[in-house]
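Worksheet: one structure, shown below.
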Amino acid sequence: MRYRNVLITVFLICCFPVYLFADQGSQVSHHLITSIGISIITATVTAFLGHLFKQPLLLMYIAAGTIIGPNIGFGFVNSQAEISIISEIGLILLLFMIGLEIDVKKLIESGKTLILSGVLQFVICVGLGLLFFSFLDYKNGDGSFGLIYLTICVALSSTTIVVKVLYSKFELDTLAGHITLGVLIFQDIWAILFLSIQPNLANPEVTGMLLSFLKGFLLILVSLGLSKYVLPRVFRSIAKVPELLLVSSLGWCFLVCGAAGYLNLSIEMGALIAGVAISTFPYNVDVIAKVINIRDFFV
Numbered sequence: 016m017r018y019r020n021v022l023i024t025v026f027l028i029c030c031f032p033v034y035l036f037a038d039q040g041s042q043v044s045h046h047l048i049t050s051i052g053i054s055i056i057t058a059t060v061t062a063f064l065g066h067l068f069k070q071p072l073l074l075m076y077i078a079a080g081t082i083i084g085p086n087i088g089f090g091f092v093n094s095q096a097e098i099s100i101i102s103e104i105g106l107i108l109l110l111f112m113i114g115l116e117i118d119v120k121k122l123i124e125s126g127k128t129l130i131l132s133g134v135l136q137f138v139i140c141v142g143l144g145l146l147f148f149s150f151l152d153y154k155n156g157d158g159s160f161g162l163i164y165l166t167i168c169v170a171l172s173s174t175t176i177v178v179k180v181l182y183s184k185f186e187l188d189t190l191a192g193h194i195t196l197g198v199l200i201f202q203d204i205w206a207i208l209f210l211s212i213q214p215n216l217a218n219p220e221v222t223g224m225l226l227s228f229l230k231g232f233l234l235i236l237v238s239l240g241l242s243k244y245v246l247p248r249v250f251r252s253i254a255k256v257p258e259l260l261l262v263s264s265l266g267w268c269f270l271v272c273g274a275a276g277y278l279n280l281s282i283e284m285g286a287l288i289a290g291v292a293i294s295t296f297p298y299n300v301d302v303i304a305k306v307i308n309i310r311d312f313f314v
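Under the numbering used here, read the sequence shown as residues 16 to 314, first letter to last.
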């Protein structure tokens with residue numbers, strides 16, 4: 016088994032130059048396809064190496080991105096737009112699946128603990144960050160609130176990594192998983208608050224902040240309304256056709272994401288809302304089973 020994995024790894028490494036120089040022999044470049052090919056081959060090679068040396072796959076995937084990325088790596092994939100597209104699609108599908116698996120009743124039951132954790136986590140982390148960087152004698156420099164920006168960035172987590180780890184360890188439906196997901200949602204709320212006031216911290220834009228919350232509430236309200244009165248009829252009519260069920264579910268997901276983007280909200284949060292809205296449907300297990308393969312391709 017070990018020798019077979021080594022041979023497969025060597026084969027994939029040999030295939031790498033084909034994608035690396037794929038655009039040079041054609042008049043019409045297909046940069047996105049080439050970037051996806053390079054990403055998949057590199058991720059596969061690092062995953063095999065991680066399997067050989069018993070390392071976490073997520074760590075190896077991060078290493079693969081670092082190797083081919085434009086900043087630290089060799090710059091094989093150097094278009095920020097392409098990187099953003101690939102990562103956003105994967106994150107959208109991941110959060111859509113998470114939303115499909117969320118038990119809203121259990122989430123509400125842990126409401127007090129969730130709210131307390133979501134509020135205190137950010138406040139405590141920002142406070143500790145200010146103390147830590149002040150102890151290191153970090154300076155604001157030109158007075159542009161650099162210390163505040165830094166501590167807020169430290170207080171926020173990566174939704175992709177945290178949710179992926181919870182999902183792979185089957186801990187998403189546990190109490191700890193519910194609280195962690197709630198903290199991530201609160202972090203998004205904190206991020207919205209900060210982005211609303213950060214253009215001028217001396218004169219916070221309260222109107223913009225309230226408008227963002229109003230848009231978010233409106234998106235949730237409309238999504239839940241459609242999931243209660245419109246979508247059940249649509250899904251019942253196509254339930255016997257698996258392909259239509261998958262396409263319709265993805266269509267609903269990207270519709271809500273598009274609406275979130277149009278309202279200047281997080282499209283990832285739109286994906287989570289879309290999943291939660293249809294999580295009570297009897298077809299969500301079939302949708303998850305089909306979406307998971309597409310999700311893994313991009314994530």
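Beta carbons: idealized from backbone N, C-alpha and C, even for Gly.
- The Cβ atoms of Ala286 and Leu115 do not sit closer than 7 angstroms to each other.
- Contact annotation: the stretch 253-269 does not touch the stretch 72-90, with fewer than three C-beta pairs closer than 8 angstroms.
- Within the model, the alpha-carbon separation for Leu234 versus Val177 is close to 25 angstroms.
- Annotation: Ile55 to Ile204 spans about 33 angstroms, alpha carbon to alpha carbon.
- With respect to Glu283, Leu171 sits apart: the two C-beta atoms are not nearer than 7 angstroms.
- Contact annotation, Tyr182 with Ala254: C-beta distance approximately 26 angstroms; criterion of less than 8 angstroms not satisfied.
- In the same chain as Glu186, and ignoring 5 residues on each side of it, the C-beta atoms closer than 6 angstroms to its own belong to Gly192, in chain order.
- Excluding its 5 nearest sequence neighbours in each direction, Cys268 has C-beta neighbours in its own chain below 8 angstroms: Ile107, Leu108, Phe111, Ala286, Ala289 and Gly290, listed in chain order.
- Counting C-beta atoms within 10 angstroms of its own C-beta, Ala62 has 16 or more neighbours from the protein chains shown and is therefore classed as buried.
- With a 10 Å radius around the Cβ and a threshold of 16 neighbouring Cβ atoms, Val306 comes out buried.
- Under the DSSP assignment, Ile293 falls outside any alpha helix (DSSP H); it carries neither an H nor an E label.
- With a 10 Å radius around the Cβ and a threshold of 16 neighbouring Cβ atoms, Ser99 comes out exposed.
- By the CB criterion at 7 angstroms, Ile48 and Ser132 fall outside the cutoff.
- Within the same chain, Cβ atoms closer than 6 angstroms to the Cβ of Ser264 are found at Val302, the five residues on either side in sequence being excluded.
- Given a length threshold of 4 residues, each whole run of the alpha helix (DSSP H) inside the stretch 192-273 is given here in chain order: 221-244 and 246-253.
- For Leu67, the enclosing alpha helix (DSSP H) stretches over residues His46 to Leu67.
- Per the C-alpha coordinates, the member of Val198, Lys230, Ser94 and Lys69 positioned closest to Ala275 is Lys230.
- Note on the stretch 89-150: whole alpha helix (DSSP H) runs with a minimum of 4 residues are 95-116, 119-124 and 126-150, in chain order.
- The Cβ-Cβ distance between Ala292 and Ser252 does not fall below 7 angstroms.
- In this chain, Gly84 is not harboured by any alpha helix (DSSP H), its DSSP state being neither H nor E.
- Burial check for Phe250: the Cβ neighbour count within 10 Å reaches 16 or more, so the residue is buried.
- With at least 16 other beta carbons inside 10 angstroms of its own, Tyr76 counts as buried.
- Excluding the 5 residues flanking it on each side, Leu199 has same chain C-beta neighbours closer than 8 angstroms at Ser172, Thr174, Val177 and Val178, in chain order.
- Secondary structure note for Thr166: its alpha helix (DSSP H) is the uninterrupted segment Gly161 to Ala170.
- If you draw a straight line from the Cα of Gly161 to the Cα of Gly144, it comes to about 12 angstroms.
- Judged by DSSP in its simplified three-state form, Leu190 adopts helix.
- DSSP places Ser173 outside both helix and strand once states are collapsed to three, so it counts as coil.
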